[in-house]
Amino acid sequence: MIETKLQKFLTTLSHYNGFEKFYNLNQNQKYRNLSVDWSSTFTILNDVSDKGTSMLSHHRKARKIKLMLEELPTIEHLKYSFLEVYDGWKCPCCGLDDETFDHVWTCTAHLGTLIQIRNRSKNLLFDLIAEKIENIDDIKSLLETLDMWNILYDSNHFTFIDLIKGIIPSSFSTSLSHLKKSDKLEILQKFFDSLYDSVNKDIWYPRCAWMEEFETSLGLDLKEKLKYKNSVPYFSVHRKIRTDARVTTLEGIRRHIYFGEIIFDYYNNRIS
Ligand SMILES: [Zn+2]
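So that you can map any letter, position 186 of the sequence shown is 207 in the numbering used here, and since no number is skipped, the others follow by simple counting.
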């Protein structure tokens, strides 16, 4: 009996130790200064409706995690492995800027498409809420005021890029607090699934198809690229290097043990 409890405790501990490592990553600096609903974020990432046994769902989850970690193979990302091949290459869609993760979602070549996706997502969200409650006017106007619909990169506010990554701002979550918890999670799941599919289908996959065709025309396959693999580490000027507001004390766990608090609440609320 004690052993089972201990095992469970150790699993929880390593789980949250893993979370703190994730939380402390440079690219997550923004989320250490803004309030994120981590609990819902990971529930949706794990997909409540998915039994998660097929290879397909495994791949889908792995790709979602890469997106959340900003690890898409953009040109800037590929330079970490193959600088000699990609040095000087610009965004394949506009040809003007360096293709960083944030640029993919702010590129002028994608703006029209992304506005459509944003508007469709917002309408879907309102429709889903309307299926659950009768008068959605208040929720709707509350949601409309949130920064998260803005299509731009901002290191101090939530934007649409955070939603694309699957991050759920606490303000988004709170706007849905009148709904039953199960309804809220069902709505969030459908909203984020649809958004994920749209940005892949309309933006990322076409971009990758074009890149593949272009590289093939140059005779540039993986075997060829590997000949030029970086021998020294590459430091991109675009790298997000702010390390402030890190947590290394497993404070969430400590509070859980001493005060019985829900562990994620510590990370959700330490900002406010
Ligand atoms: Zn571009």
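All C-beta atoms, glycine included, are put in the ideal place defined by N, C-alpha and C.
It should be emphasised that the depicted structure is a prediction, and the values quoted were computed from it without experimental measurement.
Query raised in the report: Heavy atom of ligand 1 less than 7 Å from the Cβ of Cys112, yes or no?
Result: With a threshold of 7 Å, the Cβ atom of Cys112 counts as near ligand 1, since some heavy atom of the ligand is closer than that.
Query raised in the report: Is the beta carbon of Val268 less than 8 Å from the beta carbon of Asn47?
Result: no
Query - Terminal residues of the alpha helix (DSSP H) in which Trp231 lies - result: 226-238
Report task. Report yes if the C-beta distance between Leu167 and Phe147 is below 8 Å; otherwise report no. Result -> For Leu167 and Phe147, no; Cβs fall outside 8 Å.
Query raised in the report: Distance, Cα to Cα, Leu93 vs Thr62?
Result: 19 Å
Query - Trp231, buried or exposed, once every other Cβ within 10 Å from all chains shown has been counted against 16 - result: Exposed: under 16 other Cβ atoms inside 10 Å.
Query raised in the report: Per DSSP, Pro190 forms a beta bridge with which residues?
Result: Val57
Requested in this report: Mind the definition here: the segment 243-254 touches the segment 101-112 only if three or more C-beta pairs lie below 8 Å; say whether that holds.
Outcome: Yes, they touch.
Requested in this report: State yes or no: is the C-beta of Asp223 nearer than 7 Å to some heavy atom of ligand 1?
Outcome: no
**Report entry** Contact test: Cys128 Cβ vs ligand 1 heavy atom, cutoff 7 Å
**Finding:** yes
Query raised in the report: Starting from Thr127 and walking both ways along the alpha helix (DSSP H), at which residues does that stretch end?
Result: 122-127
Query raised in the report: Buried or exposed: Ser75, going by 16 or more other Cβ atoms within 10 Å of its Cβ?
Result: exposed
Requested in this report: Identify whether Tyr174 lies in helix, strand or coil by the three-state DSSP scheme.
Outcome: Looking at Tyr174 - three-state DSSP - the assignment turns out to be coil, as it is neither helix nor strand.
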